[in-house]
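Residue numbers (the numbering used here), protein chains in the order written: chain A, 1 to 128; chain B, 1 to 128.
Worksheet for the structure shown next.
Protein chains: 2
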Amino acid sequence: MTAHTLRYYERVGLIQPVGRARNGHRRYSLADEAWLHFLHCMRATSMPIRAMQRYAELRELGDSTSLERRKILEDHQAAIAAQIDELQKAHSLLTHKIANYRKIEQRIRIGGPQTAEPEVDCTLASAS
Amino acid sequence: MTAHTLRYYERVGLIQPVGRARNGHRRYSLADEAWLHFLHCMRATSMPIRAMQRYAELRELGDSTSLERRKILEDHQAAIAAQIDELQKAHSLLTHKIANYRKIEQRIRIGGPQTAEPEVDCTLASAS
DNA sequence: CCTTGACTTTGAGCGCGCTCGAAGATGTAC
DNA sequence: GTACATCTTCGAGCGCGCTCAAAGTCAAGG
């Protein structure tokens, strides 16, 4: 996380104006760091800035906003589950395709039949 | 995948100029569809367009490019594994936080102690 | 014939999330 | 004392991946 990014997050209200040293330089407290870590974690899993802004806003308003905040997190958790699913599918598709490339390379090395088998391999069409 | 996106992919060379009906309208073959499915799958897992362009380019050049293509796929597979990891971490963090919100809501419902316990919960700092 | 609607082309525009650059104040090291 | 780095503010710019608008062509239906 760069300094620029931190400034940006402050500008857009993801973090409250942070404490300053006597010279005006920012001093991030442990609480700030924890919050930033959380933000980082959400961003790393593609939570939109807008959602994070909403969440941050509610957080300022205290416990009475628990329900909506929980909803936001639950929605994002569902999004994460969906992402994991897609990633796993892609991962296994790639495993198949990579194996196929190894076969091709093998054929090339041993000067085997240059007409490739017409790719009947993976369940998901593998379009070279 | 919208028509706009298909045009875009054609423009940037992700798909070869596709066959046309007599009237000039595009006709996507099954091979085209398979390839598009693959592209979609890679995009859905955040492969950059640039990488896909490179891959598509090599694909046009035939089997001799197998090694580099395989490398691209292996790299992306590694990226996917890393993503899954982050997503899982975030998922479990959210499980903790959501549970915490349920507790808060419980306290509110029963009119319990309004001073929240100072959040000692998750391993990852949970910064409300 | 005329409308409607789906396609075609081209280039421009947009939303997101940073990312950077300039100009200035302050701190640390020699 | 004088470099030099490091922070500050501000607004502008950028890369990515679409997304859209405008203007034109063609095919079928009423």
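Built from N, CA and C at the ideal position, the CB exists for glycine as well.
Owing to the predicted nature of the structure, the values given are computational and were not obtained by experimental measurement.
Would you decide whether residue i is buried or exposed? Buried here means 16 or more other CB atoms lie within 10 Å of its CB.
{"i": "HIS76 of chain B", "result": "buried"}
{"i": "GLN83 of chain B", "result": "buried"}
{"i": "TYR8 of chain B", "result": "exposed"}
{"i": "ARG109 of chain A", "result": "exposed"}
{"i": "ARG69 of chain A", "result": "buried"}
{"i": "LYS97 of chain A", "result": "buried"}
{"i": "LEU61 of chain A", "result": "exposed"}
{"i": "THR45 of chain A", "result": "buried"}
{"i": "ASN100 of chain B", "result": "buried"}
{"i": "THR123 of chain B", "result": "Bear in mind that a pLDDT of 41 at THR123 of chain B, under 50, signals an unreliable position, so the number given afterwards is only what the model happens to contain. When all chains shown are included, THR123 of chain B counts as exposed."}
Taking residue i as the reference, which of the options has the closest Cα?
{"i": "GLU74 of chain A", "options": "A:MET42, A:VAL12, A:ALA21 and A:PRO17", "result": "A:MET42"}
{"i": "ALA21 of chain B", "options": "B:LEU14, B:SER29 and B:ILE15", "result": "B:SER29"}
{"i": "THR2 of chain A", "options": "A:HIS40, A:GLN16, A:ALA78 and A:TRP35", "result": "A:HIS40"}
{"i": "GLU33 of chain A", "options": "A:ASN23, A:LEU14 and A:SER92", "result": "A:LEU14"}
{"i": "ASP63 of chain A", "options": "B:ARG50, B:HIS91, B:GLY111 and B:LEU93", "result": "B:GLY111"}
{"i": "ARG50 of chain A", "options": "A:LEU93, A:LEU6, A:VAL12 and A:LEU94", "result": "A:VAL12"}
{"i": "THR95 of chain A", "options": "B:GLU105, B:ALA81, B:HIS91 and B:LEU87", "result": "B:ALA81"}
Please state the DSSP three-state secondary structure of residue i.
{"i": "ARG26 of chain A", "result": "strand"}
{"i": "ILE110 of chain B", "result": "coil"}
Please report the straight-line C-alpha distance between residue i and residue j, rounded to a whole angstrom.
{"i": "THR65 of chain B", "j": "PRO17 of chain A", "result": "53 Å"}
{"i": "GLU10 of chain A", "j": "GLU57 of chain B", "result": "43 Å"}
{"i": "HIS25 of chain B", "j": "ARG54 of chain B", "result": "27 Å"}
{"i": "MET52 of chain B", "j": "HIS37 of chain B", "result": "13 Å"}
{"i": "ARG102 of chain B", "j": "LYS89 of chain A", "result": "33 Å"}
{"i": "PRO48 of chain A", "j": "ARG107 of chain B", "result": "30 Å"}
{"i": "GLY19 of chain B", "j": "ALA31 of chain B", "result": "11 Å"}
{"i": "TRP35 of chain A", "j": "ARG59 of chain A", "result": "11 Å"}
{"i": "SER92 of chain B", "j": "THR5 of chain B", "result": "35 Å"}
{"i": "LEU87 of chain A", "j": "GLU86 of chain B", "result": "12 Å"}
{"i": "ILE72 of chain B", "j": "ASN23 of chain A", "result": "49 Å"}
{"i": "LEU67 of chain B", "j": "LEU67 of chain A", "result": "52 Å"}
{"i": "ILE104 of chain A", "j": "GLU105 of chain B", "result": "59 Å"}
{"i": "ALA79 of chain B", "j": "ARG27 of chain B", "result": "34 Å"}
- When Cβ atoms are compared, which residues of the segment 53-76 of chain A fall closer than 7 Å to chain B? Residues ARG59, ASP63, SER66, LEU67, ARG69, ARG70, LEU73, GLU74 and HIS76.
_Tell me which residues of the segment 14-25 of chain B have at least one Cβ-Cβ distance to chain A shorter than 7 Å, keeping chain order._
Contact annotation: in the segment 14-25 of chain B, no residue has its CB less than 7 Å from a CB in chain A.
Problem - Where the segment 76-95 of chain B meets chain A: residues whose CB sits under 8 Å from a CB there - result: Correct list: HIS76, GLN77, ILE80, ALA81, GLN83, ILE84, GLU86, LEU87, GLN88, LYS89, ALA90, HIS91, LEU93, LEU94 and THR95.
Pull out every residue of the segment 36-51 of chain A whose Cβ sits closer than 8 Å to any Cβ of chain B, in chain order.
Cβ contacts with chain B come from HIS37, PHE38, CYS41, MET42, ALA44 and THR45.
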